[in-house]
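Residue numbers for the sequence shown, in the working numbering: 3 to 483.
Just so you know, even glycine gets a beta-carbon here, dropped at the ideal spot from N, CA and C.
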Amino acid sequence: MDVLDIARWQFGIITVYHFLFVPITIGLSAVIAGMETAWVRTGKQEYLRLTKFFGKLFLINFAIGVVTGIVQEFQFGMNWSDYSRFVGDIFGAPLAVEGLLAFFLESTFLGLWIFGWDKLPRGLHAGTMWLVHLGTLFSSWFILAANSWMQHPVGYRFNPDTGRAELTDFWAVMFNKVQLVTFPHVVFAAYMTAGAFVLGVAAWLYTRKEHVDDQPLYLKAIRIGAVVALVAGLGVAITGDVQGKIMTEVQPMKMAAAEALYDTEQPADFSIFTIGTPDGTSEKFAIKIPNLLSFLATGTWDGKVEGINDLREQYQQEYGQDPGAAYYTAGDYVPIIPVTYWTFRFMIGLGVVVAAGAALILWLTRKGRTPTGRWFGVMALTLPFLAVFASSFGWIFTEMGRQPWVVFSLMTTENGVSPSVSTFEAATSLIVLTLLYAILAVIELGLLVKYIRKGADPFVEPPDPSLKGPQDDDQPLTFAY
3 MDVLDIARWQ
13 FGIITVYHFL
23 FVPITIGLSA
33 VIAGMETAWV
43 RTGKQEYLRL
53 TKFFGKLFLI
63 NFAIGVVTGI
73 VQEFQFGMNW
83 SDYSRFVGDI
93 FGAPLAVEGL
103 LAFFLESTFL
113 GLWIFGWDKL
123 PRGLHAGTMW
133 LVHLGTLFSS
143 WFILAANSWM
153 QHPVGYRFNP
163 DTGRAELTDF
173 WAVMFNKVQL
183 VTFPHVVFAA
193 YMTAGAFVLG
203 VAAWLYTRKE
213 HVDDQPLYLK
223 AIRIGAVVAL
233 VAGLGVAITG
243 DVQGKIMTEV
253 QPMKMAAAEA
263 LYDTEQPADF
273 SIFTIGTPDG
283 TSEKFAIKIP
293 NLLSFLATGT
303 WDGKVEGIND
313 LREQYQQEYG
323 QDPGAAYYTA
333 GDYVPIIPVT
343 YWTFRFMIGL
353 GVVVAAGAAL
363 ILWLTRKGRT
373 PTGRWFGVMA
383 LTLPFLAVFA
393 SSFGWIFTEM
403 GRQPWVVFSL
413 MTTENGVSPS
423 VSTFEAATSL
433 IVLTLLYAIL
443 AVIELGLLVK
453 YIRKGADPFV
463 EPPDPSLKGP
473 QDDDQPLTFA
483 Y
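Now the structure itself:
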């Protein structure tokens, strides 16, 4: 492998690993805030116990997510210096705002939430977690704005003297049409993942003999998680449908690659399973749903969907004969078809399974019914894994479907890699970071398993500062965990 291949593998491994924590952080902060708000409003003990239990799991996930996310930004200077030089003027603004506003908002109010149980009035304390959640949404917005610019560059001009893209319209970047559909899609996916996480953890505890006395508590958590996962799953489907149509408009090759559609069709069918030639230039066998691709791509059942071969010829005329990487022939602007084809289906299929599983569990637990048997816990415990995998496959499709572009229509991936990095240096960083992340994965799973096995702590009434007299301002904050 050359430097380009190694750099891509490193970025892919670190990005996918980091994104395992992101949707849980975004979604779980909202669920925990909702649980604590329910406790403040109703005074029911189970809501506080669930708040503190899932709060511990959230803090573990948040900490590992921060650690793994820091490396993300350093990678731009490590292996992708030419890319950073080209997009620095565009990326500088949203990433700086994300760091200065969103991350500090999250960290500051998370600190208040952790240490403020005996210092802040209950309503205000619950509000701090809502502000943490708001910080995660701000963070998502600015990061997705940067990524959406890579998918659909707007609000810039190219300076031929410096060879850089320069920002001309900040708000065009912030409200890019791709951004407007990507943000709600990602956030709904995060809610679905968090709902599945709550559902799965609670269902596993519900079936354990050592926690039989707390079955009503975990049944409530199961239903909360199932409702969140189901409603968010519907949101994912609706926003994903809109996103597919925008994707077809701005990146028609990505939609063609998602379907392995080699020739333009009107109407176009959607294949559930396809076998192509070894060189990936044509289709040999497929199981199809008539006209479905036309609807996904255009919103009409008889819409025209451009094929790979026609788009390849169009791109060659428009962008020239860029040699691309070793696995691309001269002028071949086609992504790796098996990757885009299957990740697109895994993304959709696993998301549907999670939503359907949540609906099934709501049915099984309706009107106070109490399912028995370990099969129930095993079934429910698979849902958070499927939700995380669905999100990961979605991002792999999004990024791989843009290839060979690192910035669509402006810079190919090969031209973004650092020219001064040797193969040995790139391979060394890949090995070191992969091993480091493997160690962090063991730590993360070990901590989660430890605290999940323990279950929710017994109810302890926290102090209510609003009912007390004046307090000593020098009294230290109490660490809640």
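Within the same chain, Cβ atoms closer than 7 Å to the Cβ of Phe185 are found at Ser142, Trp143 and Leu146, the five residues on either side in sequence being excluded. In summary, Asn161 is exposed, with fewer than 16 beta-carbon neighbours lying within 10 Å of its beta-carbon over all protein chains present. Taking the C-beta atoms as reference points, Asp120 is found no nearer than 9 Å to Pro421. Checking the DSSP bridge columns, you'll see Arg166 partnered with Asn161.
Under the DSSP assignment, Val409 falls in the beta strand (DSSP E) whose first and last residues are Trp407 to Val409. Where Asn149 is concerned, the enclosing alpha helix (DSSP H) starts and stops at Arg124 to Gln153.
Here DSSP, grouped into helix, strand and coil, assigns Met3 to coil. Here Ile338 carries a coil assignment [DSSP, helix/strand/coil].
Where Leu385 is concerned, the enclosing alpha helix (DSSP H) starts and stops at Arg376 to Met402.
When only Cα atoms are considered, Thr195 and Val390 end up about 6 Å apart.
Thr300 carries a helical assignment under DSSP once its states are collapsed to helix, strand and coil. Excluding residues up to 5 positions away in sequence, Gly379 and Leu383 lie with their Cβ nearer than 6 Å to the Cβ of Trp206 in the same chain. Judged by pairs of C-beta atoms under 8 Å, the stretch 221-239 touches the stretch 354-367, as three or more such pairs exist.
Spanning the alpha carbons of Tyr49 and Val451 requires a straight line of approximately 22 Å.
It is roughly 40 Å from the alpha-carbon of Pro292 to the alpha-carbon of Gly418.
According to DSSP, Ser273 shares a beta bridge with Lys290. Your pair Ser393 and Pro123 does not check out as a contact, with CB atoms roughly 36 Å apart and the cut at 8 Å. Counting C-beta pairs closer than 8 Å gives fewer than three between the stretch 107-117 and the stretch 456-463, which falls short of the contact rule. Cβ neighbours of Met402 within its own chain (closer than 8 Å, five residues either side excluded): Pro337, Ile338, Val341, Thr342 and Thr345.
Check the Cα spacing between Trp377 and each of Gly202, Phe172 and Ile445: the tightest is with Gly202. For the stretch 25-106, the continuous alpha helix (DSSP H) assignments of 4+ residues that do not extend past its boundaries occur at 47-80 and 83-99, in sequence order.
For the 9 Å CB-CB criterion, Trp82 and Ala167 do not form a contact. DSSP places Arg210 in no alpha helix (DSSP H); its state is neither H nor E. For Val307, no alpha helix (DSSP H) run applies, since DSSP gives it neither H nor E.
A residue is called buried when at least 16 other Cβ atoms come within 10 angstroms of its Cβ; Pro218 does not meet this threshold and is exposed.
Per DSSP, the unbroken alpha helix (DSSP H) holding Ala228 starts and ends at Gln217 to Val252. For Asp271, same chain residues with a beta-carbon under 7 Å away, outside a window of 5 residues either side, are Lys290, Ile291, Pro292, Asn293, Leu294 and Leu295 in chain order. Between Leu30 and Val307, the gap from beta carbon to beta carbon reaches 9 Å or more.
The criterion of a C-beta distance shorter than 9 Å is not satisfied by Ile224 and Leu263.
DSSP places Ser422 in no alpha helix (DSSP H); its state is neither H nor E. A Cβ-Cβ separation of about 17 Å leaves Pro373 out of contact with Ala198 under the 8 Å criterion. Taking Trp132 as the centre and dropping the five residues before and after it, the same chain places the C-beta of Ala35 closer than 6 Å to its C-beta, in chain order. Contact between Val68 and Val180 does not hold, since their C-beta atoms are separated by about 27 Å, which reaches or exceeds 8 Å. Relative to the Cα of Thr367, the nearest Cα in the group Tyr220, Trp173 and Ala148 belongs to Tyr220. Linking Ala174 to Val188 through their CA atoms gives a straight-line distance of about 20 Å. Residue Lys58 holds the alpha-carbon nearest to the alpha-carbon of Ile454 among Ala260, Arg371, Lys58 and Gln12.
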